Each structure stands twice: as C-alpha cells, then as structure tokens.
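First residue of the sequence shown? That's 1 in the working numbering, and the numbers climb one at a time after it. All residues carry an ideal CB built from backbone N, CA and C; glycine is no exception. Just so it is clear, the structure is predicted and the values come from calculations on it, not from any experiment. The structure under discussion appears below in the form of structure tokens.
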Amino acid sequence: MADNYELIQHAKAIPKQKRKEILMSFKEIKFHSFLKELLQIMEPNYTIEITHGVRELGKDLVIVKKDKIGIDVIGLIVKIGNIKAKTLGDVDEIKHHVKAMFSRKKELKIKEIESQIEQALTHPAEIKTIFEKLPVSKVIVILVGTFSRQAVERLTKEIEGNVEIRDIDWLTDKFSEYYPQVFFEGKAIDFLQNKIQEMENKHWLSKKKKINLSEYFVEPMIEKIGTNIKINNDDISKKILESISKKQKVSFSKLKSLLNIKKPILLVGEEGVGKSEALTKLAIDLMKKEINQSMKGKVKKINIPVLISAKDIVEAEDIDSFINEYFCIDDNIKERFKIETLMIDALDEITAIKSIEVIEKAKVYSEKMSCPLIITSRKIDIIKNTPEGFEKYEILPFEYSQALQLFEKLVQDENKLKCLKNCLEKITFQIPKVPLSLILLIELVEENKEIPASITELYERFSDLMLGRWDSEKGIKIIFEYIIKRNFLSELAFKEFFKKDRVEINKEEYIEFSKNYCELYFGATDYNLNEFLKEIERAGIININGKIKYNHRSFLDYFVARYIYDKRDEISNLNNMIVEIYFSELWGDVTFYYIGLKREISKDILEAILHFEERDLSSLIDKFLLGKLLQAGWHSKTAIKYRGIEESIKFAPKIREGILKVINKEPLIYSDLFIMLLSDLSLGSRLIYNEAKSIFYSLSKKLNEESYFQMLLILWATQELMTDIEFNENINIFLESFPKIYDLKIETQARLLLLLSIIKRKDNIINKKIKNRLMKLVKKYPETFRKLLPHKKKGFRK
Numbered sequence: 001m002a003d004n005y006e007l008i009q010h011a012k013a014i015p016k017q018k019r020k021e022i023l024m025s026f027k028e029i030k031f032h033s034f035l036k037e038l039l040q041i042m043e044p045n046y047t048i049e050i051t052h053g054v055r056e057l058g059k060d061l062v063i064v065k066k067d068k069i070g071i072d073v074i075g076l077i078v079k080i081g082n083i084k085a086k087t088l089g090d091v092d093e094i095k096h097h098v099k100a101m102f103s104r105k106k107e108l109k110i111k112e113i114e115s116q117i118e119q120a121l122t123h124p125a126e127i128k129t130i131f132e133k134l135p136v137s138k139v140i141v142i143l144v145g146t147f148s149r150q151a152v153e154r155l156t157k158e159i160e161g162n163v164e165i166r167d168i169d170w171l172t173d174k175f176s177e178y179y180p181q182v183f184f185e186g187k188a189i190d191f192l193q194n195k196i197q198e199m200e201n202k203h204w205l206s207k208k209k210k211i212n213l214s215e216y217f218v219e220p221m222i223e224k225i226g227t228n229i230k231i232n233n234d235d236i237s238k239k240i241l242e243s244i245s246k247k248q249k250v251s252f253s254k255l256k257s258l259l260n261i262k263k264p265i266l267l268v269g270e271e272g273v274g275k276s277e278a279l280t281k282l283a284i285d286l287m288k289k290e291i292n293q294s295m296k297g298k299v300k301k302i303n304i305p306v307l308i309s310a311k312d313i314v315e316a317e318d319i320d321s322f323i324n325e326y327f328c329i330d331d332n333i334k335e336r337f338k339i340e341t342l343m344i345d346a347l348d349e350i351t352a353i354k355s356i357e358v359i360e361k362a363k364v365y366s367e368k369m370s371c372p373l374i375i376t377s378r379k380i381d382i383i384k385n386t387p388e389g390f391e392k393y394e395i396l397p398f399e400y401s402q403a404l405q406l407f408e409k410l411v412q413d414e415n416k417l418k419c420l421k422n423c424l425e426k427i428t429f430q431i432p433k434v435p436l437s438l439i440l441l442i443e444l445v446e447e448n449k450e451i452p453a454s455i456t457e458l459y460e461r462f463s464d465l466m467l468g469r470w471d472s473e474k475g476i477k478i479i480f481e482y483i484i485k486r487n488f489l490s491e492l493a494f495k496e497f498f499k500k501d502r503v504e505i506n507k508e509e510y511i512e513f514s515k516n517y518c519e520l521y522f523g524a525t526d527y528n529l530n531e532f533l534k535e536i537e538r539a540g541i542i543n544i545n546g547k548i549k550y551n552h553r554s555f556l557d558y559f560v561a562r563y564i565y566d567k568r569d570e571i572s573n574l575n576n577m578i579v580e581i582y583f584s585e586l587w588g589d590v591t592f593y594y595i596g597l598k599r600e601i602s603k604d605i606l607e608a609i610l611h612f613e614e615r616d617l618s619s620l621i622d623k624f625l626l627g628k629l630l631q632a633g634w635h636s637k638t639a640i641k642y643r644g645i646e647e648s649i650k651f652a653p654k655i656r657e658g659i660l661k662v663i664n665k666e667p668l669i670y671s672d673l674f675i676m677l678l679s680d681l682s683l684g685s686r687l688i689y690n691e692a693k694s695i696f697y698s699l700s701k702k703l704n705e706e707s708y709f710q711m712l713l714i715l716w717a718t719q720e721l722m723t724d725i726e727f728n729e730n731i732n733i734f735l736e737s738f739p740k741i742y743d744l745k746i747e748t749q750a751r752l753l754l755l756l757s758i759i760k761r762k763d764n765i766i767n768k769k770i771k772n773r774l775m776k777l778v779k780k781y782p783e784t785f786r787k788l789l790p791h792k793k794k795g796f797r798k
C-alpha cells in the first residue's frame with residue numbers, strides 16, 4: 001500500500017463519477033482480469049481464477065478460501081451495463097445464473113472438494129475447468145453500472161441462498177484503495193495494445209498476408225563487431241587483443257540483456273536481413289511484458305520502448321516534440337509511462353550529414369531520459385567506424401535451419417512446403433539466406449514457379465527492392481532512379497570484373513570508374529558523385545570495405561548477365577560469347593542468368609554448346625547439365641527442349657569413364673551415383689518433364705546398355721514429379737525389357753539393378769520385384785558386387 005500511496009492520491013483526485021465511468025467502460029473480459037487482480041491484492045491467501053467461458057452458465061470468477069477450519073467456494077457473477085425499468089429482463093438473467101450455481105448437487109464431500117482443488121493447483125492447465133465445476137457455498141454478484149431502485153429491490157428480495165451484491169460504489173472505493181492502476185492502466189494498456197497491433201502490421205508482408213509479425217518472426221543471430229575503445233598497441237597484451245578481436249554469436253533475444261544506458265548499441269546488417277523487423281519484435285516483446293506486469297499491479301510506472309525512424313526525427317522539430325506526438329494521450333495517462341529504451345530505425349535512409357545529427361540528438365536524449373539507445377542501419381560508410389561510445393553488433397543472415405523455420409511459419413500447404421525445402425537445398429549457396437530473399441522465394445513457389453529455373457526472377461525482384469524501386473512509396477528521399485543504379489552495377493560488373501577476369505577491385509579503380517560513369521550519363525559534379533555512391537552503398541549489393549566486391553558471388557554473375565542482356569543488340573558474336581562463358585570455370589553461371597532473363601534458349605546456342613570442343617571432364621559435365629539452361633529458358637520451344645535433353649544425357653557414359661579414371665579405385669558404383677546426382681540437377685524439373693518422359697519411352701525401344709543407363713537417369717531425376725501410377729508403369733517398362741538385352745554384361749546388370757533399388761516408392765510389390773532380381777545376381781556373382789560396393793570396414797558389425 002505504501003508503494004502505491006502516490007498513485008492512490010492521483011486516483012482519488014479523479015472525480016468519483018469519472019472513476020465509475022472508467023470502470024463501466026471496460027469490456028467484460030478485460031474487466032475480469034482487473035477484478036481478479038483487485039481481489040488478489042485484497043486477499044493474497046485466496047486462490048482466484050477466471051472461469052467465464054467454460055460453460056454458458058458458469059461463474060465468471062471463482063474464489064477458493066481455504067483455512068484450518070474448512071473450505072469456502074465463492075462464485076462471482078459480473079454484470080456490466082445499466083439496468084433500468086425497461087431492461088429488467090437482465091435481473092431475470094442474473095437470477096438464472098445464481099440459480100444455476102446453487103442447483104449444482106452438493107454430493108461432493110469436503111475431502112473430495114479438497115482433492116479437486118489440489119488437483120487444480122497442481123495442474124494449472126486444468127484449473128479453469130475444475131474450478132468451474134466446484135459446488136459453491138456463496139455467490140457474489142458484482143454490478144458494474146447504474147441500477148434502478150426496482151432492479152435493486154428485485155435482486156435483494158427474489159434471489160435465494162447465500163448471495164451478496166456489490167455495486168459500482170463499492171467497486172470504485174475498493175479499486176481506488178487497493179488497485180488504483182485500473183483508472184490509468186485501462187487507457188494505458190489500450191494505448192500499448194494499439195501500438196503493438198500497429199507494429200505487428202507494419203511490415204509489408206504482414207499487410208499482404210494479413211498475419212502478425214510475431215506469428216512468422218524467426219529469431220536471428222547477432223555478432224559483436226569491432227571495438228570503439230582507443231588503445232595503445234604497445235601497452236596491451238596479446239591476450240587482450242585476442243579477446244577484443246574475438247567474435248561471439250548470440251541469439252537476438254540476448255540483446256535485451258545488453259541494453260545499457262552507458263553503452264548505446266548500433267545494430268547493422270546487410271539489406272534484407274531483417275533489422276527493422278527484429279527491432280520491432282523486440283519492442284513488441286518489451287511492451288507485452290509491461291502489460292502483464294502492470295495488470296498485476298507490480299509497477300509504479302510502465303516502462304516502454306519508443307520505436308521511431310531516423311527520418312521521423314529529422315522531420316520533427318526536436319525529439320521531445322516527436323515523443324509528445326508519439327504518446328498522443330492525456331497527461332494523466334502519459335504520466336504512467338517511462339521510456340525504457342529509445343529505438344531508432346533505418347539510419348541509412350537519411351543523408352550522411354543528417355545521420356550524424358540524429359546520432360548526436362539520440363545520444364543526448366537517451367542520456368537526458370536515462371534510457372538505453374539502439375540504432376539500426378545498413379552497413380554504410382558513415383558507421384564503418386563505430387561512433388564513439390557505441391557498441392556495434394551485426395544481425396546475421398539465417399542458417400539453413402532458420403530458413404526452414406520461416407518457411408514452416410509462412411506456408412501451410414504441405415506440398416509447397418516440401419517444394420520450398422527442396423528448392424533451398426538446390427540453391428542454398430546461390431542466394432543470401434536473408435528473410436527478404438526467402439520471402440521472395442516463397443512468393444515464386446506460391447506462384448507455381450520452379451526453382452532453380454526461376455532463380456533469375458528471384459534476383460530481379462530482390463535487386464529491385466535493394467536498389468530502392470519502391471523507396472519513394474515508403475517516403476525515402478531518392479535522387480537517382482533505381483534503373484540508373486541497376487545499370488551502374490551491371491556495367492561495373494561487366495567492365496571492371498568480368499572483362500578483367502577478377503572478383504574484386506581496388507577502391508581507387510572503383511572511384512575512377514564511378515566518376516567516369518557519372519560524367520558520361522549525367523554530367524556529375526562532386527556532389528552528385530558523392531550522393532550517387534552513397535545510394536549505391538546503401539543498396540548493400542557491393543562491399544566497399546577495403547577491396548571492392550559484390551556481397552554475394554551470385555550478385556556479380558547476375559549483374560554481368562544483366563549487362564549482356566541489356567546490351568545484347570550491341571554485342572557482336574553474342575551467341576559465341578554466351579557459349580564461351582558457359583564453359584568458363586569462373587563465369588559459367590552468367591550464361592544461366594542470361595538465359596533466365598531471356599526466358600528461352602535459342603537453337604543456335606543449344607547446338608553450339610552440344611558441339612563445343614570437349615576440353616576435359618568439366619566440359620562433359622557442363623554439356624550434361626544443359627537441362628539447367630532449359631529450365632532457365634522455360635519458354636523455349638518443345639523441340640529445343642527435347643533436343644537438349646536427348647543429346648545431353650548421351651554424355652553420361654563418357655562422364656562415368658572420366659570419373660573412373662580420376663578415382664581409379666573401387667567401389668565403382670560411386671561414379672554412377674555422382675551422375676545420378678547431376679541428372680537430378682539437370683532434369684528434375686516439371687518445366688521439362690513432358691519432354692523427358694517422351695525420351696524415356698523412346699529409349700525403352702532401343703534395347704542397349706547406353707539407353708538403359710539413360711532411362712535410369714531420367715527415372716531418378718523425375719521420380720518426385722511422377723504420379724504413383726506413372727512411377728509403377730515406368731519401373732515395369734524398365735524391368736520387363738531388361739532381360740531382352742542378351743549381351744548385357746553382368747557388371748552392367750548389377751550396376752543398373754543397384755541404382756534402380758535406390759529409387760523407391762511405398763509399393764512393396766515393385767520393391768520386392770527389384771530386390772528378388774538383385775539377390776539372384778548377388779548369389780550368382782558375388783565378386784562383381786564386391787567391386788561395385790564399398791567394402792566392410794574391419795571391426796564393424798553387420
């Protein structure tokens with residue numbers, strides 16, 4: 001009570017009628033929570049539970065009063081609203097509820113009631129159901145509203161049994177004395193809940209899918225980077241240097257424990273990594289915690305985070321005026337709040353000069369309010385060196401398991417979820433695993449677009465977002481259109497990286513190229529050049545720390561392809577160039593992205609690839625993987641797809657021979673397994689499934705060793721695309737024609753049956769048929785299988 005003295009005085013200063021109106025304004029469910037807290041404060045030794053909702057005629061709350069003499073079970077009925085002469089039917093409703101409570105048979109003995117209460121207290125999940133069923137010894141009717149004289153008389157005279165009535169005056173006095181927070185927390189909690197809902201729906205994905213941020217948020221990891229401590233290397237020991245340079249990864253939720261008034265935090269990360277979402281989720285969690293604490297009457301003031309954008313601070317006269325606008329509630333309610341943490345998002349979305357001003361303003365304000373400070377930003381030049389006094393942490397891209405968690409939270413369709421997991425396995429090293437790219441990947445799969453066939457489109461969407469295609473819609477000041485920035489990055493990639501056959505360049509070369517580019521396209525002044533480079537840096541596609549390089553190797557390949565595609569009418573011998581690139585060890589993926597941008601592959605490029613000089617095993621593998629280009633060029637003519645698949649799989653025997661020469665040892669089956677994996681990459685796509693299926697049927701009529709190996713590769717690659725009926729038919733076609741090749745070597749038969757046994761479905765008849773064939777060969781030719789299969793290691797049991 002002493003702790004709440006000041007708050008009690010504030011509450012009593014509010015006119016009593018106003019306090020009554022506040023109590024009557026609550027919705028029933030919320031009022032039950034407040035009433036429970038009041039009763040618990042008044043009688044700490046009682047057990048109180050809200051039971052409303054278990055049964056239609058159940059008690060709203062139950063009080064269990066247990067002492068050395070016995071047990072009393074008190075049922076509470078809460079009626080909110082005014083009852084006048086015209087609404088006396090409400091009295092009958094209350095009578096009905098009371099009668100229902102007392103009509104419950106009191107056959108339970110004291111020990112049985114005690115047993116049930118103990119069970120309820122031991123199993124909190126069951127407490128509501130058990131308490132609701134307890135027979136009551138007393139009923140208290142809580143009337144939250146104004147009641148006519150007739151209503152009061154009827155309730156007093158007509159309700160039988162041990163019944164007490166508590167009216168609005170009694171409630172107002174008790175709340176004022178024991179739980180005065182209710183007169184402030186009601187609006188305060190409404191304010192917090194509105195803020196929470198506003199933040200839950202703030203992200204574009206929340207708006208699009210109509211889902212709260214908390215429902216799909218996956219906690220990232222953060223890593224402390226650098227140090228802002230000024231040291232003299234001569235005076236510091238090796239151990240301290242190692243300690244400072246050591247990077248430690250921790251989960252994002254640990255950031256709460258790192259909040260410190262004396263150590264403001266700078267949280268950085270690459271574009272799309274989810275900085276804003278993580279900061280928003282932190283603010284939501286802190287607000288929810290305070291709501292729970294305040295409803296229990298455990299806080300004098302409600303500590304809340306204030307999350308604002310750097311742009312809002314720039315536009316406001318000062319932070320104080322903005323904070324006043326942020327609360328936008330009457331002074332009595334505002335007095336209940338204390339700023340726990342100042343969170344400033346998106347420092348990178350304002351100019352460098354303004355960024356410095358915002359950092360200084362925020363530091364001064366956080367010191368004035370004695371609250372911790374967090375600022376988020378992309379990795380821009382202004383924060384390359386950690387601002388004095390700050391600790392810098394980086395929010396990291398997802399690990400594979402975190403990416404799967406995001407998929408599971410956002411996708412309910414089991415087939416699409418399975419497809420996403422398969423896609424991620426195929427392209428796990430081709431895209432940055434940040435929430436933005438993963439969400440775009442989900443969009444592609446939900447649009448029934450295949451990955452990796454549509455990975456070029458993923459890069460188009462991702463780069464459009466990173467380069468600010470829709471920044472103007474978000475209110476971010478942009479000087480240079482995204483298309484100019486995209487063209488710059490394309491030309492930089494082609495002329496300075498691809499043409500000079502390198503993956504990083506010096507900063508001086510980068511500045512020189514940028515200067516020439518800007519002068520050529522928009523007559524750059526120094527101001528224009530600086531502003532342009534800042535926007536390029538903010539996009540997060542290239543890393544300008546030390547050597548200049550693209551943040552992800554696949555970005556470099558994509559932008560080289562983008563340049564070739566945009567300038568295709570100006571490049572002489574374009575087809576020859578594309579083919580040469582395809583067989584390049586360093587730049588091979590550029591061709592894939594180029595075909596992806598065109599959505600088709602021409603007959604000339606296809607034939608040039610098939611007839612390209614075979615320099616080594618790598619060239620053969622590239623030809624075999626021609627199916628990947630057919631997937632990227634999904635809009636190609638059927639005849640071209642058919643030709644590409646038919647000819648590319650003919651390279652499988654040569655690849656096998658090449659691998660055997662490289663391995664030059666047993667087990668021989670490894671070379672076959674390697675080709676099977678390659679076939680999955682090349683042919684495992686619905687975009688070319690019809691053509692692959694036609695080729696399978698055509699091969700089944702040729703009856704030779706090579707055709708059967710090629711059939712097996714198609715079976716393996718397309719097994720997930722077939723229906724059960726198709727699968728069984730194709731396996732039977734393979735098995736039935738198998739004995740017809742009389743000159744088929746035993747080793748080849750063994751190889752093909754072993755590989756076929758790997759391709760399984762839940763069909764015991766098919767599996768048994770393959771196993772029987774295999775076991776006959778094993779018994780007859782054990783030496784052949786010893787060469788094919790791995791040897792058992794000594795010391796290992798069967």
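Excluding five sequence positions before and after Leu712, the CB atoms of its chain that fall closer than 7 Å to its own CB belong to Leu752, Leu755 and Leu756, given in chain order. Between Tyr5 and Glu360, the alpha-carbon positions lie close to 39 Å from each other. Assigned with DSSP and collapsed to three states, Phe217 falls in coil, not helix or strand.
By the criterion of at least three beta-carbon pairs nearer than 8 Å, the region 560 to 579 is not in contact with the region 379 to 398. For the options Glu570, Phe559 and Asp569, the alpha carbon positioned closest to that of Phe592 is the one of Phe559. With fewer than 16 other Cβ atoms inside 10 Å of its own Cβ, Ala13 counts as exposed. Note that the region 639 to 654 touches the region 697 to 713; at least 3 beta-carbon pairs, one per stretch, sit closer than 8 Å. Excluding sequence positions up to five before and after Asp604, its CB lies within less than 7 Å of the CB of Asn575, all in the same chain and listed in chain order. One thing to note: Ile265 has its Cβ within 9 Å of the Cβ of Lys392.
By the 16-neighbour rule on beta-carbons within 10 angstroms, Asp672 is buried. Beta-bridge analysis with DSSP links Gly145 to no other residue. With contacts defined as CB atoms closer than 9 Å, Leu404 and Lys416 fail to qualify as a contacting pair.
Contact annotation: the region 336 to 345 touches the region 277 to 292, with at least three C-beta pairs closer than 8 Å. Under a 10 Å Cβ-count criterion, Lys623 is classified as buried, with 16 or more other Cβ atoms of the shown protein chains found around its own Cβ.
If you compare the alpha carbons of Lys18, Glu509, Asn728 and Lys598 with that of Ile455, the shortest gap goes to Lys598. For Thr172, the enclosing alpha helix (DSSP H) starts and ends at Ile168 to Tyr178. Counting along the chain, Asn303 sits inside the beta strand (DSSP E) bounded by residues Ile302 to Ser309. The beta-bridge partner set that DSSP reports for Asp60 is empty.
In this structure Lys195 is buried. Its beta-carbon is surrounded by 16 or more other beta-carbon atoms within 10 angstroms. Shown here, Glu726 sits in a helix according to DSSP, grouped into three states. In the three-state scheme derived from DSSP, where H, G and I count as helix and E and B as strand, Asp616 is classed as coil.
Here Gly644 is not near Ala453, since their CB atoms are 9 Å or more apart.
Look at Asn448 here: in three-state DSSP terms it is coil, with no helix or strand label. Secondary structure at Arg502: coil, using DSSP grouped into helix, strand and coil. Between Gln430 and Asp190, the C-beta spacing is not below 9 Å.
The alpha-carbon separation between Asp413 and Ile427 amounts to approximately 21 Å. Under the DSSP assignment, Lys392 falls outside any alpha helix (DSSP H), being part of the beta strand (DSSP E) whose first and last residues are Glu391 to Ile395.
Look at the beta carbons and you see the region 207 to 225 not touching the region 32 to 43: under three pairs across the two are nearer than 8 Å. In this structure, the alpha-carbon of Glu481 lies about 25 Å from that of Pro435. A direct Cα-to-Cα measurement between Lys780 and Leu660 gives close to 25 Å. For the pair Ile63 and Pro180, the Cα-to-Cα distance works out to about 22 Å. Counting along the chain, the unbroken alpha helix (DSSP H) around Lys628 starts and ends at Leu626 to Ala632. In the structure shown, Lys138 adopts extended strand secondary structure according to DSSP, grouped into three states.
For a cut-off of 8 Å, the C-beta gap from Lys275 to Leu267 is around 6 Å, short enough to register as a contact. Below 8 Å, too few C-beta pairs join the region 572 to 587 and the region 536 to 551 to call them touching: fewer than three. At a Cβ-Cβ threshold of 9 Å, Arg686 and Leu630 do not count as neighbours.
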